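A.B. asks:
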Amino acid sequence: MQTQKMLTQRTNPSHLLYLRPTKSYPFTTATATPTPTPPPPQQPLEAAALATLILTSSNPQALAQTLHSPTIQWTPQLVNTILKRLWNDGPKALQFFNLLSHHPSYSHHPSSFDHAIDISARLRDSPSLRSLIYRMRSARLGPTPKTFAIIAERYASAGKPHRAVKVFLSMHQFGCFQDLQSFNTILDVLCKSKRVEMAYNLFKVFKGKFRADCVSYNVMVNGWCLIKRTNKALEMLKEMVKRGLTPNLTSYNTMLKGYFRAGQINEAWDFFLEMKKRDCEIDVITYTTVIHGFGVAGEIKRARKVFDTMVKKGVLPSVATYNAFIQVLCKKDSVDNAIVIFEEMVVKGYVPNSITYNLVIRGLCHRGDMERAMEFMGRMKDDGCEPNVQTYNLVIRYFCDEGEIDKALDLFQKMTSGDCLPNLDTYNILISAMFVRKKSDDLLVAGNLLIEMVDRGFVPRKFTFNRVLNGLLLTGNQGFAKEILRLQSRCGRLTRKIKL
DNA sequence: TTAGGGTTAG
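Residue numbers (the numbering used here): 1 to 500.
(1) Let me make sure I understand the geometry here. Which of ILE265, GLY208, ARG379 and ASP89 has the alpha-carbon closest to that of ARG243?
(2) Going along the chain, which residues of its own chain have a beta-carbon closer than 6 Å to the beta-carbon of PHE174, five neighbours each way excluded?
(3) Confirm, please, whether the CB-CB distance from PHE260 to GLY293 is below 9 Å.
(4) So LEU394 and ARG362 are in contact, right, with Cβ under 8 Å, and what is the actual spacing, rounded?
(5) Could you check which residue in ARG135, ILE150, ALA408 and ALA199 has the C-alpha nearest to that of HIS162?
(6) Residue range of the alpha helix (DSSP H) that MET181 falls in?
(7) Please name the residue, chosen from ASP336, VAL389, LEU443 and ARG124, that lies closest to ILE355 on a Cα-to-Cα basis.
(8) Taking one C-beta from the segment 114-133 and one from the segment 432-452 each time, how about it: are there three or more such pairs within less than 8 Å?
(9) Would you say the segment 462-469 touches the segment 120-129, given that touching needs at least three Cβ pairs under 8 Å?
(10) In three-state terms, what does DSSP make of PRO70?
(11) Give the straight-line distance between the Cα atoms of PHE168 and THR289, rounded to the nearest whole angstrom.
(12) Please report the distance separating the alpha-carbon of HIS68 from that of LYS204.
(13) With distances taken between CB atoms, is the gap from ILE291 to PHE307 smaller than 9 Å?
(14) My guess is that ARG85 and ASP425 are in contact by the Cβ rule of under 8 Å, so how many angstroms apart are they, rounded?
(15) If the criterion is Cβ atoms closer than 9 Å, does the pair LEU421 and ARG456 meet it?
(16) Secondary structure at SER354, three-state DSSP: helix, strand or coil?
(17) If you follow the alpha helix (DSSP H) that PRO387 is in, where does it begin and where does it stop?
(18) Quick check on the DSSP output: the alpha helix (DSSP H) that includes ASP455 runs from which residue to which?
(19) Measuring CB to CB, does ILE227 end up less than 9 Å from VAL196?
(20) Hey, GLY403 and ARG372: beta-carbon distance below 9 Å or not?
(21) State the Cα-Cα distance for the pair SER334 and GLN181, rounded to the nearest angstrom.
(22) Quick one, are the C-beta atoms of SER111 and PHE97 less than 9 Å apart?
(23) Which residue comes first and which comes last in the alpha helix (DSSP H) that contains GLU281?
(24) Which residues in the same chain as GLY476 place their Cβ atom closer than 8 Å to its Cβ, once the five residues preceding and following it in sequence are excluded?
(25) With a threshold of 6 Å on Cβ separation, who are the neighbours of GLU258 within its own chain once the five nearest residues in sequence on each side are excluded?
(26) Please identify the residue among TYR252, ALA481, VAL459 and PRO460 whose C-alpha is closest to the C-alpha of LEU469.
(27) The alpha helix (DSSP H) with LEU411 in it runs from where to where?
(28) Which of the three DSSP states, helix, strand or coil, is assigned to HIS115?
(29) In this structure, does DSSP put CYS491 in helix, strand or coil?
(30) Tell me the DSSP secondary structure of LEU316 in three-state form.
(31) Look at the Cβ atom of LEU409, then the Cβ atom of LEU430, and state whether they are nearer than 9 Å.
(32) Please report the straight-line C-alpha distance between HIS108 and ALA93, rounded to a whole angstrom.
(33) Assuming the contact rule is C-beta atoms closer than 8 Å, MET240 and CYS214 should be a hit. Round their C-beta distance to whole Å, please.
(34) Would you give the residue range spanned by the alpha helix (DSSP H) that TYR155 belongs to?
(35) Could you give the distance in angstroms between the alpha-carbon of SER157 and the alpha-carbon of ILE339?
Encoded structure:
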């Protein structure tokens, strides 16, 4: 941060101001007056204020003192809300968790430990992860099966599925026995990270021992569908029947979705008809799957027909159904027609969620109608649906594409000062945009963004480092380039050390 | 967080 400030002051083009840390937050909220149980509606405000305080504080001792103040009524919900708000600043989130661990009267809930473990695993901070597990165990709060699921998922998404399996197999060493449920979880973790063959091998080895049930088979059906191997998925369905298990609606909906995903539209339709013929209780998920599937395939008329007929059959669309339809209208029809459906759902009393808004906003951006997109973003706020990191990322991306870099940076500034922290995507989008105008100052911003993202626990790709380095060298910023080079070697050491 | 339906563009 210090370096960043220095660089900002040295060069001082106006848009570098975006990267200045905000001044310390005036902490004068309702929490100053002690109340035995704060009313629930005030909690979000309190969480937001505390998160800002944690983010802007540079003095851990003073922060600890504030966090330990008896005026704050700590609850697991409050702690978890703050951890979620600080999600995209992992180091700060862990600092908060650790400072609060020394509170004189409050002790962390297992769910908060799980959040902290998830964050340290994502940061690939193994000492921190080990310490958290050790502390959780000493306090006899876990690790729970959920803790293992979190760690396994982090390994799988970090491209280390073998380690995920090892975590599952080592559960009993931590006093946590493997059962059917945890078996299904590890299968699901592997399948969702597309390691379906590995999941299947594990399934074959242990299906007898854990008495694989309908859920185990459904997980495997979904796995094969995710990698578009619908024949294998169908085989799983047949095998489950052979073993005396009855497929349920989830099994069929999964298979149906698989056909659409694999582009087998005719098979999907036949499967849907077969479901109807067999008196399967077709539900809102079935219809949503068909509407989305047809739409993605460009068959808007058929999607609309299914959308219209579901109500006649006594199945009410859900917000997800509207979202599916709105998405495909934006992509394969027109944004205007999508907005018609959007307004229709509002009239009918549905409450659009952030996904709904993001779909419409994306549609408008894609058409180049940034003004209307921003109007929808305002409407989103007015409706009490705060724009999330995806909303910001998509609008920032389109502003950058249109060459409106300053507008993109304006939005980024709003994120940093507000309550939606930028994520890895945000930094990547903005850093790439800093090369568009071929302005030397933009390269300095890119460098500062790189420093800030590392500060927040993100590891930039080698490509990003090289690009910024080259840019800085070409624009005569040798000193800054050296600094970035040091940062890169620090990150390199960090990535090589990964061993959760 | 034991399973199924809506946010990504290239």
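Backbone N, C-alpha and C fix where the C-beta goes; we use that ideal spot for every residue, glycine too.
Given the structure is predicted, the values throughout are model-derived calculations rather than measurements.
C.D. replies: Walking through what the data contain:
(1) GLY208
(2) PRO143
(3) yes
(4) 5 Å
(5) ALA199
(6) As written in the sequence, residue 181 is Gln, which differs from the Met given in the question. It spans 180-192 - the alpha helix (DSSP H) in which GLN181 sits, taken as one unbroken run.
(7) VAL389
(8) no
(9) no
(10) coil
(11) 32 Å
(12) 52 Å
(13) yes
(14) About 18 Å separates the two Cβ atoms, so there is no contact after all.
(15) yes
(16) helix
(17) From DSSP, PRO387 is part of no alpha helix (DSSP H); its letter is neither H nor E.
(18) 440-455
(19) yes
(20) no
(21) 44 Å
(22) no
(23) Segment: none, GLU281 is in no alpha helix (DSSP H) and carries neither H nor E.
(24) SER440
(25) Here residue 258 is Gly; the residue named in the question, Glu, does not match the sequence. Once the five neighbours on either side are set aside, the close Cβ partners of GLY258 are CYS225, THR230 and ALA233.
(26) ALA481
(27) 405-417
(28) helix
(29) helix
(30) coil
(31) yes
(32) 14 Å
(33) 7 Å
(34) 145-157
(35) 36 Å
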